[in-house]
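The sequence shown lines up with residues 1 to 563 when you count with our numbering.
Don't be surprised by glycine CBs; every beta carbon is placed ideally from N, CA and C.
Note that this is a predicted model, so its numbers are computed, not measured.
Heads up: the structure comes next, in structure tokens.
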Amino acid sequence: MRNRDLHEALRQFALDAAALLSEDLAAGAEIPFDVLEEGGRGPVLYNFRPLTEEFLGERWKRLRALPTRAPAVEALRAAAAHPAGDGPPRVDPEPALLALLERLWQDASGFDFPEQRFEHVYAEVEELVYRRATRVRVVVPLCGPRLEPARLGLDEGLALVRPDLADVPAEAQWGPAGASDDGDGKPGAFCVLDRRLADDAPFPIEEARARFAALEHALRLLGLGSVALGPLGWVRAEGGGTYAGTGWHSVALGAGGTAAAEPWTIYESDENGLGELLAALEGRDRTASSFDWALERFMSAGGRESQAQALSDHLLGLRALLDAGGDAGRTTLPLRVAALCAEEPGRPAVQRGIEVALGLERCLVKGGDGDEYAAAYGMSSLGSVVATVEDQLRSLLRDVVCGYLQPDLSRVADEILLHSSAPVEIEARDMRVESSADGDTVELSVIERSSLGLPPLTSEIPGPQPVPAPEPGPQPLPEPVPEPDEVPEPDEPTVVPEPAEDPDLEPVAEFAADAPACARMGVSGGVHPSFEPDFEPDYESQGFTAVTPYDFDEDAESYAAPA
Numbered sequence: 001m002r003n004r005d006l007h008e009a010l011r012q013f014a015l016d017a018a019a020l021l022s023e024d025l026a027a028g029a030e031i032p033f034d035v036l037e038e039g040g041r042g043p044v045l046y047n048f049r050p051l052t053e054e055f056l057g058e059r060w061k062r063l064r065a066l067p068t069r070a071p072a073v074e075a076l077r078a079a080a081a082h083p084a085g086d087g088p089p090r091v092d093p094e095p096a097l098l099a100l101l102e103r104l105w106q107d108a109s110g111f112d113f114p115e116q117r118f119e120h121v122y123a124e125v126e127e128l129v130y131r132r133a134t135r136v137r138v139v140v141p142l143c144g145p146r147l148e149p150a151r152l153g154l155d156e157g158l159a160l161v162r163p164d165l166a167d168v169p170a171e172a173q174w175g176p177a178g179a180s181d182d183g184d185g186k187p188g189a190f191c192v193l194d195r196r197l198a199d200d201a202p203f204p205i206e207e208a209r210a211r212f213a214a215l216e217h218a219l220r221l222l223g224l225g226s227v228a229l230g231p232l233g234w235v236r237a238e239g240g241g242t243y244a245g246t247g248w249h250s251v252a253l254g255a256g257g258t259a260a261a262e263p264w265t266i267y268e269s270d271e272n273g274l275g276e277l278l279a280a281l282e283g284r285d286r287t288a289s290s291f292d293w294a295l296e297r298f299m300s301a302g303g304r305e306s307q308a309q310a311l312s313d314h315l316l317g318l319r320a321l322l323d324a325g326g327d328a329g330r331t332t333l334p335l336r337v338a339a340l341c342a343e344e345p346g347r348p349a350v351q352r353g354i355e356v357a358l359g360l361e362r363c364l365v366k367g368g369d370g371d372e373y374a375a376a377y378g379m380s381s382l383g384s385v386v387a388t389v390e391d392q393l394r395s396l397l398r399d400v401v402c403g404y405l406q407p408d409l410s411r412v413a414d415e416i417l418l419h420s421s422a423p424v425e426i427e428a429r430d431m432r433v434e435s436s437a438d439g440d441t442v443e444l445s446v447i448e449r450s451s452l453g454l455p456p457l458t459s460e461i462p463g464p465q466p467v468p469a470p471e472p473g474p475q476p477l478p479e480p481v482p483e484p485d486e487v488p489e490p491d492e493p494t495v496v497p498e499p500a501e502d503p504d505l506e507p508v509a510e511f512a513a514d515a516p517a518c519a520r521m522g523v524s525g526g527v528h529p530s531f532e533p534d535f536e537p538d539y540e541s542q543g544f545t546a547v548t549p550y551d552f553d554e555d556a557e558s559y560a561a562p563a
């Protein structure tokens, strides 16, 4: 035993915890069990394992309220900061206390104090605290927030520290442009990462960069305010490592954003929510996806000085999350956001807000007045529209990170809409277009035309005229259909009478085969009396072939035809 004060403080806290947990069991509380199947080729055996970690986690708030917790915390901090110790200074020891209780009653079905087991667990604590290692600290200024408590301990050595209590170099106290301050130029908080590494291990710069970025994202998703990391950080090593005793080294962490909004405050009550979001962000899959792209758009909007640019960033994030690109996205985006962000009675208002935001974006692109456009649709200002869209994007991102919603939000929204009982609203609007200066056609609403100083469209577009119904009148009777068994009788043959002879017509005389054609046509004398040719016509030279005359009772097809 190297530290009797630490041993006694931890033992008293464990004794008080055993008394509290035993009282809960006596009052009827039960430790949950997990059933494990064991066995090989033989029969299956079932092992019931007590879930003491779950039981302790549910009662950790009450365990933190024990009077012996504070002395145990101070003893752990003192041991970690001792020159002979290698624990990180000022690390929040509460996770270590909970881990000590879990190790003490691991697989136990009761909470009697195990004296011998406590000695073994305490030996592990001393070995962890006093082993040889290098203590490394990485710090970076945080722009935007002010920290109300002295320290906000997060997971695995990550913490937020107030500037007046932070162990940081003097040059780090003067934050970059955009840092929240009280007029003295100092940042409102510091992100601190404390690590214990092997003597020859390099500085954990990549780990610090990733964890600080996750903390920045968690602060934004928590909805507290605008936040950005400083562009320059510092790292220091203490102990027996290669870099020990060399002081602070400046490092570029690849950040350097700006906090555009007003300064805000982080309170001690924000610790639990911030820790949960941070753990969820660090535990999610890092592969590139539409969610990561939407998250980056959300983070970029927080540092925009222009509200118009922030609005475009937020709408781009919503389009990426809900697969609402192209012309069809203008219709599907408001419906899907409303389905995911509101219950059925409140969806029309959310849908209307997104439609106004989309129209406002088009108005701003064309150089219109954003505040005038927002006021025309019942919004107080451009900033109020941006804040509304930001809250909706934040809630969707946060629900995906925490696992409340699946990443495929478009499918989830469509399923909600399919099962909705709300009637579908169809809106009729003027689809006429105006020609822009470069020849393109752009659609302008009434408000957009007014904001751009254009005259309103006065001509009316004639709508479809109703077709009058036919007037009722007498309908023809259908023809009778004969019965299937009835066979209609055949009609009587029609007798055509012979034509009567005309007494005024003279009979045509018989003519020879070589008579002229006019004679064969019934002209008396062989030719027309008014025409006497003075030559013999040559019919064959004119393409005619002589034919043999046939009687009226002969078949004409048996004779030659003209060639």
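Task: Coarse secondary structure for HIS249, derived from DSSP in three states - done: strand
Task: Environment of TRP105 [buried if 16+ CB atoms lie within 10 Å] - done: buried
- [ ] Tell whether a beta-carbon distance below 8 Å holds between GLN392 and VAL337.
- [x] yes
Task: Spatially closest choice to ASP323 from LEU382, SER306, ARG411, by CA coordinates - done: ARG411
TODO: For my contact list, CYS584 and ALA280 are in at a C-beta cut-off of 8 Å; report their separation, rounded to the angstrom.
DONE: Since the displayed the chain opens at 1 and closes at 563, residue 584 lies outside it and no answer follows.
Task: Top-ranked residue by Cα proximity to ASP292, from GLN307, LEU316, SER109, PRO204 - done: LEU316
- [ ] Flag this pair as yes or no: are the beta carbons of SER253 and GLY233 separated by less than 8 Å?
- [x] Reading off the sequence, residue 253 comes out as Leu, not Ser. Against a cut-off of 8 Å, the Cβ pair of GLY233 and LEU253 comes out as a contact.
Open item on the list: Between the alpha carbons of ARG137 and PRO169, how many angstroms are there, rounded?
Closed with: 11 Å
Open item on the list: I'd like to check one pair, ALA189 with ARG211: are the Cβ atoms closer than 8 Å?
Closed with: no
Open item on the list: So, at 6 Å on beta carbons, what are the nonlocal neighbours of ALA413 in its own chain, with the 5 sequence-adjacent residues on each side left out?
Closed with: ARG336, ALA339, LEU340
Task: Top-ranked residue by Cα proximity to ALA320, from ASP408, PRO141, GLY57 - done: ASP408
Open item on the list: With H, G and I counted as helix, E and B as strand and the rest as coil, what does DSSP make of VAL125?
Closed with: helix
- [ ] State yes or no: is the C-beta of GLY303 within less than 8 Å of the C-beta of GLY225?
- [x] no
Task: Residue interval of the beta strand (DSSP E) (run including VAL389) - done: Unbroken run through VAL389 is the alpha helix (DSSP H), 382-401; no beta strand (DSSP E).
- [ ] Within the same chain, show all residues whose beta-carbon is closer than 6 Å to that of VAL73, passing over the 5 residues directly before and after it, in chain order.
- [x] PRO93
Task: Own chain partners of MET379 with C-beta closer than 6 Å, once the 5 adjacent residues on each side are dropped - done: VAL385
Task: Beta-ladder partner(s) of ASP270, from DSSP - done: DSSP lists no partner for ASP270.
Task: For PRO141: DSSP bridge partner residues - done: PHE190
Open item on the list: Using C-beta distances below 8 Å, list every residue in its chain close to ASP313, excluding the 5 sequence neighbours before and after it, in chain order.
Closed with: ARG297, PHE298, SER300, ALA301, ARG304
TODO: Just mark GLU171 as buried or exposed, buried being the case when its beta carbon has 16 or more other beta carbons within 10 Å.
DONE: exposed
Task: Euclidean distance between Cα positions of ASP5 and GLY230 - done: 40 Å
- [ ] Pull up the CB-CB distance for ALA218 and LEU295, whole angstroms please, since I reckon it's below 8 Å.
- [x] That pair is no contact at about 11 Å.
TODO: Could you give the DSSP three-state label for GLU53: helix, strand or coil?
DONE: helix
TODO: Identify which residue in ARG77, ARG64, PHE111 has its Cα closest to the Cα of ALA29.
DONE: PHE111
- [ ] Compute the distance between the beta-carbons of ALA17 and LEU101, then report whether it is under 8 Å.
- [x] yes
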